[in-house]
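Numbering (this note's numbering), first residue to last: 171 to 267. Where is the CB? At the ideal position from N, CA and C, for every residue including glycine. Keep in mind it's a predicted model, so treat the numbers as computed, not measured. Since the structure comes first, as structure tokens, the remarks are kept for the end.
The following block contains the structure:
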């Protein structure tokens, strides 16, 4: 018996919580070794701009760590804020390909 794998429909993906979409998209990106996808997600996280603007000087280590932690939490799917709809769309698009 031959099983045919089909891609989920937009409606099926859209019905899933954002966290499930993130987990599935990240798993697929790991399988594909798709660093470009991860980079695109990082660029769209709310704290990415602040983290990119820090210079790493010794007097800014505290804020650097705080921004890195905030960025990591967003990357893990927590604290997405206003970026959630954009990221949901990116996850759905990636999983549809």
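{"Check": "Residue environment, residue 256, which counts as buried when at least 16 other CB atoms sit within 10 Å", "Outcome": "exposed"}
{"Check": "Proximity test, residue 214 beta-carbon vs the ligand FAD heavy atom, cut-off 8 angstroms", "Outcome": "Summarising the ligand content, the structure contains no ligands, and the ligand FAD is consequently not present."}
{"Check": "Buried or exposed (CB count within 10 angstroms, at least 16 for buried), residue 195", "Outcome": "buried"}
{"Check": "8 angstroms contact criterion, which residue 264 and residue 215 should meet: CB distance rounded", "Outcome": "In fact, because the Cβ distance is near 15 angstroms, the residues do not count as touching under 8 angstroms."}
{"Check": "Whole-angstrom distance between residue 193 and residue 262, CA atom to CA atom", "Outcome": "11 angstroms"}
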